Each structure stands twice: as C-alpha cells, then as structure tokens.
Ligand SMILES: Nc1ncnc2c1ncn2[C@@H]1O[C@H](COP(=O)(O)OP(=O)(O)OP(=O)(O)O)[C@@H](O)[C@H]1O
Ligand SMILES: Nc1ncnc2c1ncn2[C@@H]1O[C@H](COP(=O)(O)OP(=O)(O)OP(=O)(O)O)[C@@H](O)[C@H]1O
Ligand SMILES: [Mg+2]
Ligand SMILES: [Mg+2]
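Chains as they are written, first to last, in the numbering used here: chain A, 2 to 170; chain B, 2 to 170; chain C, -14 to 142; chain D, -14 to 142.
Here it is, written out as structure tokens:
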C-alpha cells in the first residue's frame, strides 16, 4: 500500500484546488518559507489523524479554511488522501481507496459541519477510523514527524522521554 | 573598540593552544557539527560574561577544562580576549587590552582556583567587571545570541516575552 | 506493564544503536534507563558521541550532535512498529552538510520498504530523492510542481 | 517603572517594524501589548506577515516566518542599546535561501557600526562576510583556519 495523492481545496494556504501526486520510494518536498510545505503535512493529519491529538496549528477547525487577504473565509474546505490498495492492507475491494474530509461553514458562518467520505460515499467517522486503524496508517506515534519534534525531544526531561516509549508499547 | 583575538588553551574542545583572530566588520564562523564553533562563543562568555547567568553548557566550571578521550582533565584552562582600545572605550592607557581568565585544578583534582588578568597583571574580579561594564561589552542581553535563542523566543509565552523587554529597560 | 516496557526499551535501544552508528559514520550511541529494575521511577537517558570522541549525555553535545541523536531516537521508534508511510518535516535542520547527506542516504535506503516523504530545505538531503515536489506561493495561493529526479540528478548511495 | 517600560517598548517596536520589513523584503510586522495601559498585567505579542499576506500572531506562522520574526525581535533589542560587538550563533537555521541571504546582507550593512561575528552553516549567510573562520576537529582538538574573503568571493549588497 502506498500514498498516491493528496488533494486540497480551500485548505489553509491552498486557495486553489491542488493535487499533489506521490510515487513509491523517497519523495522530497521543498520550497520557500511559508510556501505551504508543512500545510501539506497538516492535510495528511487532518484526513488521517482524526484520533490523533497532534496539533494542526489551528485553534479551531474553521481556522483551516482558506482565508483570502481581506480575511474572508471560503464556504468550505475539502481534503482527500488516496492510497493504492493492491495489497488490500485496507480491507476494501477497490485497488484504490480515497479518504476525504469536508468542513463546511453554516449559513451564518458561526458554526460548521464535518463530513467524511470513503471513495465518494458518505461514511460515519467510526468506519473511517476503523479502516485507517486496520491499515496501520498514521497511528499516533512518530510516523509523522513535525517541524519542531527534533527540538522537543532534545529539550524534554528524561521522564518525558520515557513516557514516549511507554506510549509506543 | 573592536575584538582582535580570542586565545584558548585547554578550553573545552580546544586541547591545543589556539588563537582566533578577528578584524572589524562582519566575520563568519563555520565548520562541521561538533567542531568547536559554539565553544568559541562559550570562551567569549567565560571571559567577558562573569556577571551573566548565561549557561556555558557546563554543570561546573571544571567541566570547561579540556578532557582527552580517556577522560583525563588537563591541569588548567586559560582563555583570553584581546580588544583594540584606540578609542579608549576601556578606561585604560593601553591601545590594546587583554582580559584573561584561568581555572586551575588543585593538587588533588577535587577543587579549583579562579584567576583573572588584565594585560598579564593579576586583577581582582571586581576590577575586571568594572572595566567590562565601562566598555559596555557583553552586558547581559541579546548582544550574545546563543544557538537555540531563536527557538526559545518563538516558544515563550507573551508574559515571558514582556519580561525580556523589562530587563532591557 | 513493566515487562512490556522493558521489552519495548530493549528493541528500540537496539535500533537506536544501529541507526546512530549509520547516521554518524561510526559514532557510538545508546539509550539507558535511570532505574533499570524499576523503570517507571526514573527517566530515559540518551547517550551519544561522535566517532572518536567519548560518549556524553545528550545535554552536553553540540547542536548538530543533539539533533542527530534525537532523529536516531525517532527513527528507532519508527522501526519498532513500522508504518507503510512516513512524513518527516525538516528533521535535518541543525545538521552540517555531511550529516544531512547521511540522513538523505538513509531515507533513500529505507524507502525500499516504506514510502518516505520528507520536507527539507537542504540540497544534501534532497538529492537522494526519487522525486522532488516544489511548493511555491503565487497569486495568493500555494501551488505545487512535481519533478521526477533525472537519473543523472539522483544520487544513488 | 511603567513609564520606563512603555518608552523601551516604543523604541524597540519602532526598531522591530523597520528590521522586519528589511529582512522580509517588505513584510509587515509589529509588537503590541495585551494591556497597553497596564502593561505588567499582560503579555507582549509579536505580529508578523510575509509581503502580501495578512498579519498573523506569531504562533500561526510557518517555521521560517516565526524564526525571522524572532530574529527581528532580537535585533530590535540590540539596536535599542547598541554594543560594539555582537556574537550570533546559528540564527539562520529555519530560513530558506532568500531569507538567509537577507540576514547575511543585514549583518554586512550593520557591520559598519559594530563588529558582527556570526556562526552559520549556510552559504547564503556566509557569503556576505568580510572574513571567514573555519573550525575543524582534528587530532582530538578543535582547530581554526582564518580566510580573508577575496573581493571576488565577497558579495557586496
Ligand atoms: N486558513 C488559512 N488561510 C490562508 N493562509 C493560511 C491559512 N492557514 C495558514 N496559512 C498560511 O500558510 C503559511 C504557512 O504555510 P506552511 O507552514 O506550510 O509553510 P512552510 O512551507 O512549511 O514554511 P517553512 O519553511 O517556513 O516551515 C503561512 O504564511 C500562513 O499564513
Ligand atoms: N571539556 C571538554 N573537553 C573536551 N571536549 C569537549 C569539552 N566540552 C565540550 N567538548 C566537545 O565540544 C564539542 C561541541 O563543540 P561545539 O558545541 O562548539 O560544536 P559546534 O561546532 O557548535 O557544533 P554544531 O554545529 O553542532 O552546533 C562536543 O563534541 C563536545 O564533546
Ligand atoms: Mg514548515
Ligand atoms: Mg554550535
């Protein structure tokens, strides 16, 4: 199983619908400061890390919705992650599985709704999470290393570091 | 007034007597990880920052003494900082002023003595500090920016940040 | 609980020793428990040294050495419970050119058994990639350009 | 006490605005007090944005933007109470090539009025120096080589 693409629409700095394609092996992502590199990682976490408590660098979910320069929010955001599933790591028939998540602002902009999709079919959060767990994708842990994790490991106390190993087991 | 040279003898990773010369203007220091770049900064702080509480990354003063690979300590360490004093920022006659500091292990290696020198004359710590204060050299503050200071400013709370400005005034 | 923890510790430590040696071209590093019989009563210490230097506690190392030790710790944990995909955001920040290259090579090698996606600003790390994605900010939106690394551009370790 | 503090704040903020604009080629940044009438009852916030983007609080910026804002804050404090010598250890770590160059250029310009010594691993920062000191570790000791930057090698901003 491997990641084939990430699609973002109105997600953080990605105001235009963007598709990022991946292949097997080692892919590097680079670009200027504030171009959106870490935001791509946030999109992965946003879709796949629903059980994770890792910060998406946003105080509330609606902060993830693309804001243009006058501060106006888009009406919704959508992020999708597509996997090649030929080895059936994800217990579904299809050779390709797409997990999507939508956050839509309500009419008066003061509330929002969350929607989950598996291959374009509306899904409940628990089915979503069940599949991800079966495929062992981005469980909490260090499969997803964020900007600043290195420094925090260096600075944490020995007891906190032991705590990390406790969580691993 | 400007820094002319730093001399180190048995100071941290500088096991051989080393002279680092500087000129006016902008000097860059580079080299591989763990080569000794930050240790040069520690030498500056060690000599000029006697009143500063900034860490020299050593738990006790004797940790600064060069240790060879079998862990044996040298009997003493010496670090000196020499300034051009043509503008008499330092209230002394000489056009060149050297501040030196020695830490010497006692016979049985379990205690140490600290000595201060101004231009090769033995000096008391208060005269040493008085001259540095007059010349406004490395007072506590951000004239000396250490590896990690940037991150700590980013991570500190707004109240701590206000505290920095309080100390400036 | 203790038995489980000590088992995890053993395996992660074994990984750590090997990974640290590889990233530092022969340096020696290991983890140890302050209280091996009652691990929950003490902390976990990281020891590391560069090749030819004596081993020190994490706090007394240089900035780059600390960073390499922390990264080895992270990768040691990853290898304990492997995942099909890893996302690493700027883990090479404090490293000089040589050490950044070692990281790039390790990513390349490890990408046989897992997909590795690494955000980096450093050429030394990037040059070992199979493909490179460039991100820029234009017309008030981020955008992405994908480039397959030409065989001449790729560096195969 | 309050009067002294507010005066320091005004001057450091004025410095910050200018320095941040220079380091980001036109970006807008400023400091503000949570409680301007009773400053000691609130914190000090750092606002920053890249050119063309809206201004945000420090915490919501990218890694490089945060680093540039923090560096501007540090330099703003330096300029409030100038020193004849500044020692900066790896302040360009999170910066991309363009931003690191801006820092190198600022060091070069500011070195008219003060001596600036900067430890850096980045060519973009180093190339603006008047002289370059190389540090290596050989035969179990650190050693130093000084190189005057040739006129062709130097980049004069
Ligand atoms: N909801 C949003 N709408 C518009 N822009 C946003 C939103 N959330 C974040 N941003 C912008 O995204 C940018 C940060 O992107 P990101 O963190 O991905 O940068 P980066 O490429 O990782 O940079 P660095 O190299 O500095 O770490 C910031 O400029 C921020 O203003
Ligand atoms: N008392 C001592 N005796 C011998 N070596 C020492 C002593 N104190 C520190 N060292 C060594 O000095 C080295 C660290 O040097 P320093 O911090 O100057 O590195 P650096 O060049 O700044 O590296 P980086 O780029 O990683 O920050 C470490 O390898 C450490 O083992
Ligand atoms: Mg980033
Ligand atoms: Mg250093």
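Even glycine gets a Cβ: it sits at the ideal position worked out from N, Cα and C.
This one's a predicted model, so the numbers in the text were calculated from it and none came from an experiment.
Got a sec: is the Cβ-Cβ distance from residue i to anything in chain A below 8 angstroms?
i: residue 152 of chain B; result: yes
i: residue 50 of chain D; result: yes
i: residue 85 of chain C; result: no
i: residue 120 of chain C; result: yes
i: residue 33 of chain C; result: no
i: residue 96 of chain C; result: yes
Let me see if you follow: with CB-CB separation under 8 angstroms, is residue i close to chain B or not?
i: residue 100 of chain D; result: yes
i: residue 45 of chain C; result: yes
i: residue 127 of chain C; result: no
i: residue 62 of chain D; result: yes
i: residue 190 of chain D; result: Absent from the model: residue 190 of chain D. The displayed extent of chain D is -14 to 142, so no value can be given.
Give a yes or no on whether the minimum CB-CB distance between residue i and chain C is below 8 angstroms.
i: residue 26 of chain D; result: no
i: residue 114 of chain B; result: no
i: residue 106 of chain D; result: yes
i: residue 127 of chain B; result: no
i: residue 110 of chain B; result: no
i: residue 70 of chain B; result: yes
Please report the distance separating the alpha-carbon of residue i from that of residue j.
i: residue 34 of chain D; j: residue 19 of chain D; result: 19 angstroms
i: residue 129 of chain B; j: residue 50 of chain B; result: 10 angstroms
i: residue 79 of chain B; j: residue 106 of chain D; result: 28 angstroms
i: residue 59 of chain B; j: residue 45 of chain C; result: 7 angstroms
i: residue 3 of chain A; j: residue 80 of chain D; result: 31 angstroms
i: residue 104 of chain A; j: residue 47 of chain A; result: 11 angstroms
i: residue 167 of chain A; j: residue 29 of chain C; result: 11 angstroms
i: residue 29 of chain B; j: residue 63 of chain D; result: 19 angstroms
i: residue 132 of chain A; j: residue 58 of chain C; result: 29 angstroms
i: residue 1 of chain B; j: residue 40 of chain A; result: Any property of residue 1 of chain B remains undetermined from this structure, which presents chain B solely from 2 to 170.
i: residue 95 of chain C; j: residue 27 of chain A; result: 8 angstroms
i: residue 120 of chain D; j: residue 23 of chain C; result: 44 angstroms
i: residue 61 of chain D; j: residue 17 of chain D; result: 14 angstroms
i: residue 37 of chain B; j: residue 8 of chain B; result: 14 angstroms
i: residue 157 of chain A; j: residue 163 of chain A; result: 10 angstroms
i: residue 170 of chain B; j: residue 67 of chain D; result: 13 angstroms
i: residue 124 of chain B; j: residue -6 of chain C; result: 54 angstroms
i: residue 37 of chain D; j: residue 0 of chain D; result: 21 angstroms
i: residue 52 of chain A; j: residue 24 of chain B; result: 57 angstroms
i: residue 154 of chain A; j: residue 14 of chain C; result: 16 angstroms
i: residue -4 of chain C; j: residue 133 of chain D; result: 50 angstroms
i: residue 26 of chain D; j: residue 4 of chain D; result: 27 angstroms
i: residue 113 of chain A; j: residue 13 of chain A; result: 16 angstroms
i: residue 82 of chain B; j: residue 2 of chain D; result: 35 angstroms
i: residue 92 of chain C; j: residue 12 of chain D; result: 36 angstroms
Should residue i be counted as a contact of ligand 5 given a C-beta to heavy atom distance under 7 angstroms?
i: residue 64 of chain B; result: Summarising the ligand content, the structure contains ligand 1, ligand 2, ligand 3 and ligand 4 and does not contain ligand 5.
Closer than 8 angstroms by C-beta to residue i: which residues in its own chain qualify, once you throw out the five before and the five after it? Chain order, please.
i: residue 74 of chain B; result: 63, 66, 67, 68, 106, 110
i: residue 31 of chain A; result: 38
i: residue 54 of chain D; result: 5, 14, 31, 33, 43, 46
Under 8 angstroms, Cβ to Cβ, is there at least one residue of chain D near residue i?
i: residue 78 of chain C; result: yes
i: residue 41 of chain C; result: no
i: residue 77 of chain B; result: no
i: residue 66 of chain B; result: no
i: residue 120 of chain A; result: no
i: residue 144 of chain B; result: yes
i: residue 59 of chain B; result: no
i: residue 96 of chain A; result: no
i: residue 16 of chain A; result: no
i: residue 54 of chain A; result: no
For residue i, collect the residues of the same chain with a Cβ closer than 6 angstroms to its Cβ; drop the 5 residues on either side in sequence, then sort them by chain order.
i: residue 110 of chain C; result: 77, 85, 88, 89
i: residue 91 of chain A; result: 98, 132, 136
i: residue 19 of chain A; result: 9
i: residue 56 of chain C; result: 76
i: residue 126 of chain B; result: 117
i: residue 100 of chain C; result: 70
i: residue 130 of chain C; result: 119
Within its chain, find whatever has a CB closer than 7 angstroms to the CB of residue i; leave out the 5 residues flanking it on each side and keep chain order.
i: residue -10 of chain C; result: 24
Let me know the beta strand (DSSP E) ranges lying completely inside the region 91 to 117 of chain C, each 3 residues or longer, listed in chain order.
-> 100 to 104
Within the region 28 to 71 of chain B, ranges of the alpha helix (DSSP H) (whole runs, at least 4 residues) | 38 to 49
Contact list for the region -4 to 27 of chain C against chain A, Cβ threshold 8 angstroms = -3, 18, 19, 24, 25, 27
At which residue ranges does the region 30 to 104 of chain D contain complete beta strand (DSSP E) runs of 3 or more residues, listed in the order of the chain?
-> Assignment of beta strand (DSSP E) within the region 30 to 104 of chain D, counting only whole runs of 3 or more residues, yields 70 to 74, 100 to 104 in chain order.
Within 9 angstroms of chain D by C-beta, residues of the region 34 to 47 of chain A in sequence order = 34, 35, 36, 37, 38, 39, 40
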